[in-house]
Amino acid sequence: MATINKSRAAWLQGPSAKCEDVTPAPLPPWRLVLLGAPGVGKGTQAELLTARLGACHLSTGDVFRAAGKTPECDQSPAMKDALGYMRRGELVPDSTVWEMVRERSGCLHCAGGFILDGFPRTLGQAESLQGLMEEEGLSLTAVVNYDLPASEIVARLGGRRTCEKCKAVYHVTERPPKWEGKCDRCEGKLFQREDDRPESIKVRLEAYEKSTAPLISFYEKLDLLSPVAAVGTPEEILERTFPALESRRARQWAQASWVAVENHR
Ligand code: AP5
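Residue numbers (my numbering): 14 to 278.
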């Protein structure tokens, strides 16, 4: 298994930052996109998948939140705007998101693979990603779509707490830390996200229905979609996700070998 890229430096701070050495995966790396409504558990699953697959967790929300921690005088006007959109629960404009992802496109070549969480989120972003990956000779292994009833989503978001240092995610009742208010992993302070207030949650769920849900059929048409029910414990969901990914990868290999044989005839 590849060394887990815990720091995610090049993703969180931009391409001038250097990640820890990442050992290449022995098999072709996993290149995944996680889809699903806000609060469905994408970040939680991304952490578990990272631990199992060694692929790097690339969350666009984490990049914006990291930028929000820099002094205001160092924030670009586009970043200041982006933080305002986030606070209200609205989507950040495609142009800002794409500029930020494009700047970090080196992360798509990570030898350990990647798990994109929170990107793409609109059809425009999905088309841009598809175009970039084709240009760079890369392809996605799978797109996992997590599904959960809205009432459970609201309960998950309302109880969420996040570590301000390592970004680990907890829930006050479902996944509590060992010590209240403190991260189990790095002892960082836990905080409640500004966009987890009820008025922002409502806006985020509406933005998901309008802009992100159409990506399900986009990736279905590309034969990349793996639907997974997001009910049960995080570990149960992981055990449901993993076989779906394995069978998809096995199918891709079988198709690639068949094409190679045909090309040599
Ligand atoms: P982002 O950070 O991506 O947030 P999100 O997509 O709204 O997703 P969340 O992080 O809220 O939820 P999650 O699905 O990761 O759930 P989690 O694992 O934390 O984006 C934030 C904002 O940034 C956006 O609103 C937008 O403004 C902007 N943005 C980012 N990317 C953008 C883009 N591409 N385009 C435009 N704008 C963009 O779990 C939630 C809670 O549930 C936790 O407390 C967890 O412990 C708990 N939990 C998880 N699994 C379970 C389980 N199985 N059982 C019980 N509890 C569970």
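C-beta: ideal position from N, C-alpha, C; glycine also.
With a threshold of 8 Å, are at least 3 pairs of Cβ atoms found where one atom belongs to the segment 45-56 and the other to the segment 117-124?
Counting Cβ pairs under 8 Å, fewer than three are found: no touch.
Go ahead and label Ser29 buried or exposed: buried means 16 or more other beta carbons lie within 10 angstroms of its beta carbon, across all protein chains shown.
Ser29 is exposed by the Cβ-count criterion.
C-alpha gap between Asn276 and Ala267, whole angstroms
Going by the C-alpha atoms only, they are around 14 Å apart.
Applying the 10 Å Cβ sphere with the 16-neighbour rule, what's the burial state of Val110?
So Val110 ends up on the buried side.
Tell whether a beta-carbon distance below 8 Å holds between Thr246 and Phe204.
No; because the gap between Cβ atoms is not below 8 Å, this pair is not in contact.
Measure the C-alpha to C-alpha separation of Thr5 and Gly150 and round it to an integer number of angstroms.
Because residue 5 is not part of the residues shown, which for the chain are 14 to 278, the question remains open.
Using the C-alpha atoms, what's the distance from Glu207 back to Gly97?
Cα to Cα, the separation comes out at about 11 Å.
Identify, in the order they occur along the chain, each residue of the same chain with its Cβ nearer than 7 Å to the Cβ of Gly201, setting aside the five sequence neighbours on each side.
Listed in chain order, the non-local C-beta contacts of Gly201 below 7 Å within the same chain comprise Cys176, Glu177, Lys178 and Cys179, local neighbours out to five positions each way being set aside.
Out of Glu187, Val182 and Gly67, state which residue places its alpha-carbon closest to the alpha-carbon of Ala124.
Closest in alpha carbon position to Ala124, among Glu187, Val182 and Gly67, is Gly67.
With a threshold of 8 Å, are at least 3 pairs of Cβ atoms found where one atom belongs to the segment 159-174 and the other to the segment 81-89?
Contact fails: fewer than three Cβ-Cβ distances are below 8 Å.
Enumerate in chain order the residues of its own chain whose CB-to-CB distance from Cys199 is below 8 Å, with the five nearest sequence positions on each side excluded.
Once the five neighbours on either side are set aside, the close Cβ partners of Cys199 are Cys176, Lys178, Cys179 and Ala181.
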